[in-house]
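Numbering (the numbering used here), first residue to last: 65 to 764.
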């Protein structure tokens, strides 16, 4: 039986569990019933709790009869999809040994595919007695089931028709980081009841926009089931970003109308049909259970010592490499299996195309710190299901030795914060020289050119969800996070930003023109550098967060994209750049630039001074020299040669052109001009603080 009606008919029946199977973990409809399997190495017993589908009243507690290799299991005949369940786990409550079993707490199945009902913060969620003198070492016997969602057995069937992964090569990718809700919450062409949902992202108006923009992949902020932190809930706020996971298989119900798994699949199917990949931002480094003073909701109650990194000298406390209270121990086989099973599920069953791993250094930690051959990294590298997916690391965490940019193994790409900082500083703060910018334009070989890695190891972005938007980066010199409720003490104080004369919005045409040019400089540098460009959704149209650089709890118009205020000139400029990158392989080369000559005797790259001659060592070393010419020899796949001119100075530079003829393709001093323009003169007038791209076609 695979219907909800089957579960309803059982609500008044007697229940008998048979032994069942130890694999696969989770709750699966099989052989006319449902098989349950859950890991716990140190438990003395596990109870399966069943709930009425209408009022979520607990109607049965059934000890799982099977125990095989630390997996507790049982099979419930005549059960099917729609059945609601949870677990209670018996064992020692011995915090000094790392054990926090408490059968009074209903626990979520780590492998649950969906939930019924909403989570409500309540004192009963804590395994210890709040306010007691013994703190987190005490034991609480109050039942929390009334305030917990219930796990729901899911029928995985979905009519995918002829859905196929787009399989877009990394070198051809343009990634678009977006929030499921924020992208459509104010979209005028999305039906109101679908705004902010998976189904909203599948609407034709949304997909047409993405196709016209030219991005190849959407990277969704976390959609794994997550919780709002208790302090946010008490303030009537939400965790908008979602970096507080509690379930690694269930889509966040907040973004669905009724059937989250099916609606998520429908979104993926619609995006794939348009040739757009789906990448998930995943948070396997910690869970919403926090430190020892946090609630007991799932992993802590199932087997605290097996799931988390505990302090070796005092296992009452957690190693907090994530900065969020706890860290999952991916070096442990059961945790590694959970993460790998989750990844394969989202690829096999939900058809996603890749993952961006939040605080990925956490996952590659062993007892000796970060290890490039950590079990997690080795497991991912050899997995045939993940072989075709895109794997992107946020290559740092908050622990000792956590900054590991460039240290991940082949097969991984990484968020490159050196690109972000050097590009911002060059255009906005005059700090790095042209040499630093040249390294970023050339794919950051100083960081990634080892172990056979290619330029596509670098994911290049000047903005992400965490920080200023592109609009705000040149409109605000300081953060303005008062709305977050922390007296403007949260968020980075080290944003590399400027206001160009006025803090915030202005009607001054000169300031607004300078801001537009600065935004175009940053966009163009991102999209014309070797590596994989990533844009923050809304940046291409000038979306603002009012100077808030840490809008993690702003589920409102602060973060929802304001479609009515789109900057048409900036949007057209972004579309032009993306179209050029996708049309010309020479702008997205797959190999490192080495300054070596090709078959035609031309160097693949020549760095030029303002006189059109190769830069000399003393010119590279001169920090005040902020001009750069990047001459790219014709690429075998399209035959066009390219010349990128960068002027970070406050004076116009009349650059002496190499042999042509040349066509101006882009100039950030005139972003509204989107047509190629033939250059008749032997020099090009590059305006102050601007960038230009010139092309020499095959046969010219």
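Each residue gets a CB set at the ideal place from its N, CA and C atoms; glycine is no exception.
What does the alpha-carbon distance come out to for the pair residue 348 and residue 754? Reading the chain shown from its first residue, position 284 is the one you call residue 348. Reading the chain shown from its first residue, position 690 is the one you call residue 754. About 41 Å.
Considering only DSSP beta bridges, list what residue 747 is partnered with. One-based indexing of the chain shown puts residue 747 at position 683. In DSSP, residue 747 forms a bridge with 720.
Any chance the CB of residue 584 is under 7 Å from a heavy atom of the ligand MG? Among the components of this structure there are no ligands whatsoever, and the ligand MG is therefore not found.
Name the residue from 712, 259, 343, 232 whose alpha carbon lies nearest to the alpha carbon of residue 489. Residue 489 sits at position 425 when you count from the first residue of the chain shown. When each option's Cα is compared against that of residue 489, the closest is 712.
Residues near residue 184 by beta carbon distance below 7 Å, same chain, minus five either side: To locate residue 184, count along the chain shown from 1; it is residue 120. For residue 184, the CB contacts under 7 Å within the same chain, skipping 5 residues up- and downstream, are 211 in chain order.
For residue 328, which three-state DSSP category applies? Within the chain shown, the letter at position 264 stands for residue 328. It is helical.
Any contact of the region 699-718 with the region 741-755, i.e. 3+ C-beta pairs under 8 Å? Output reads yes: the region 741-755 touches the region 699-718.
Let me know the secondary structure DSSP gives residue 91 once reduced to three states. As a first step, residue 91 is located in the chain shown; it is residue number 27 there, counting from the start. Note: residue 91 maps to strand in three-state DSSP.
Tell me the DSSP secondary structure of residue 584 in three-state form. To locate residue 584, count along the chain shown from 1; it is residue 520. Shown here, residue 584 sits in a helix according to DSSP, grouped into three states.
Take the Cβ of residue 674 as the centre, count every other Cβ of all protein chains shown within 10 Å, and call the residue buried at 16 or more, exposed below. To locate residue 674, count along the chain shown from 1; it is residue 610. So residue 674 ends up on the buried side.
Close beta carbons around residue 741, own chain, < 8 Å, minus the five adjacent residues each side: Along the chain shown, read from residue 1 onward, the residue named residue 741 stands at position 677. Correct list, in chain order: 727, 728.
Out of 451, 167, 152, 694, point me to the one whose CA is closest to residue 499's CA. Stepping through the chain shown from its first residue, residue 499 is reached at position 435. Answer by Cα proximity: 694.
Under three-state DSSP, which class holds residue 404? For the purposes of this step, residue 404 is taken as the residue at position 340 of the chain shown. Of the three classes helix, strand and coil, the one that applies to residue 404 here is helix, per DSSP.
What's the gap between the Cα of residue 317 and the Cα of residue 621? One-based indexing of the chain shown puts residue 317 at position 253. One-based indexing of the chain shown puts residue 621 at position 557. When rounded, the distance between both Cα atoms is 21 Å.
State the DSSP-derived secondary structure class of residue 73, mapped to helix, strand or coil. Looking up residue 73 in the chain shown gives position 9. Bear in mind that a pLDDT of 45 at residue 73, under 50, signals an unreliable position, so the number given afterwards is only what the model happens to contain. Correct three-state label for residue 73: helix.
Tell me, please, which residues DSSP counts as bridged to residue 215. Taking the first residue of the chain shown as 1, we reach residue 215 at position 151. Residue 215 is bridged to 149, 179.
Among 547, 605, 596, 658, nearest to residue 233 - alpha-carbon criterion: Position 169 of the chain shown, counted from the start, is the residue given in the question as residue 233. The option with the nearest alpha carbon to residue 233 is 596.
According to DSSP, is residue 314 part of a helix, a strand, or is it coil? As a working mapping, residue 314 is identified with position 250 in the chain shown. The answer is strand: DSSP assigns residue 314 an E or B state.
With H, G and I counted as helix, E and B as strand and the rest as coil, what does DSSP make of residue 411? Within the chain shown, numbered from 1, the residue matching residue 411 stands at position 347. Look at residue 411 here: in three-state DSSP terms it is helix.
I want to know whether the region 368-380 touches the region 317-327 - three or more CB-CB distances under 8 Å. Short answer: they don't touch.
Straight-line CA distance for residue 117 to residue 649? What you label residue 117 is simply residue 53 of the chain shown in a count that begins at 1. What you label residue 649 is simply residue 585 of the chain shown in a count that begins at 1. Going from the Cα of residue 117 to the Cα of residue 649 covers about 56 Å.
Beta-carbon proximity of residue 220 to residue 413, cut-off 8 Å: Position 156 of the chain shown, counted from the start, is the residue given in the question as residue 220. Position 349 of the chain shown, counted from the start, is the residue given in the question as residue 413. In this structure, residue 220 sits near residue 413, with a CB-CB distance shorter than 8 Å.
Between the CA atoms of residue 562 and residue 366 - distance to the nearest angstrom: Position 302 of the chain shown, counting from 1, holds the residue named residue 366. Position 498 of the chain shown, counting from 1, holds the residue named residue 562. Near 50 Å, if we compare the C-alpha coordinates of residue 562 and residue 366.
For the structure I just gave you, are there three or more beta carbon pairs, one from the region 578-597 and one from the region 731-745, closer than 8 Å? Touching, per the Cβ criterion.
What is the DSSP secondary structure of residue 503, reduced to helix, strand or coil? Translated into the one-based positions of the chain shown, residue 503 becomes position 439. Here residue 503 sits in helix by DSSP.
Given a cut-off of 8 Å, decide if residue 619 and residue 607 are closer than it, judged by their beta-carbon atoms. The residue given as residue 607 occupies position 543 in the chain shown. The residue given as residue 619 occupies position 555 in the chain shown. Their beta carbons are not under 8 Å apart, which means residue 607 does not touch residue 619 by this criterion.
Does the beta-carbon of residue 76 have 16 or more other beta-carbons within 10 angstroms, so that it is buried, or is it exposed? If you number the chain shown from 1, residue 76 lands on position 12. With a pLDDT of 40 at residue 76, under the threshold of 50, the predicted position of this residue should be treated as unreliable, and no value is reported.
Please classify residue 682: does DSSP put it in a helix, a strand, or coil? To locate residue 682, count along the chain shown from 1; it is residue 618. Helix.
Just to confirm my understanding: we take residue 757, look at its own chain, exclude 5 residues before and 5 after, and list those with CB closer than 6 Å. What are they? Within the chain shown, numbered from 1, the residue matching residue 757 stands at position 693. By the criterion of a C-beta distance shorter than 6 Å, residue 757 is surrounded in its chain by 708, 729, 730, once the five residues flanking it on both sides are discounted.
Whole angstroms is fine: what's the gap from residue 678's alpha carbon to residue 670's? In the chain shown, counting from the first residue as 1, residue 678 sits at position 614. In the chain shown, counting from the first residue as 1, residue 670 sits at position 606. Rounded to the nearest angstrom, the two C-alpha atoms are 7 Å apart.
Please report the distance separating the alpha-carbon of residue 719 from that of residue 725. If you number the chain shown from 1, residue 719 lands on position 655. If you number the chain shown from 1, residue 725 lands on position 661. Separation of residue 719 and residue 725 (C-alpha to C-alpha, rounded to the nearest whole angstrom) is 15 Å.
Sheet register partners of residue 705 (DSSP bridge): If you number the chain shown from 1, residue 705 lands on position 641. 760.
May I have the straight-line CA-CA distance separating residue 96 from residue 326, to the nearest angstrom? Counting from 1 along the chain shown, the entry for residue 96 is found at position 32. Counting from 1 along the chain shown, the entry for residue 326 is found at position 262. Looking at the backbone, the Cα of residue 96 and that of residue 326 are separated by about 22 Å.
Pair within 8 Å by beta-carbon distance, residue 419 and residue 526: Counting from 1 along the chain shown, the entry for residue 419 is found at position 355. Counting from 1 along the chain shown, the entry for residue 526 is found at position 462. No, they are not a contact pair.
Do residue 167 and residue 111 have their beta-carbon atoms positioned less than 8 Å apart in this structure? Taking the chain shown and counting its residues from 1, the one referred to as residue 111 is at position 47. Taking the chain shown and counting its residues from 1, the one referred to as residue 167 is at position 103. Judged by their CB atoms, residue 111 and residue 167 are nearer to each other than the 8 Å cut-off.
Residue 264 (DSSP reduced to helix, strand or coil): By one-based count along the chain shown, residue 264 stands at place 200. Residue 264: helix per DSSP, three-state reduction.
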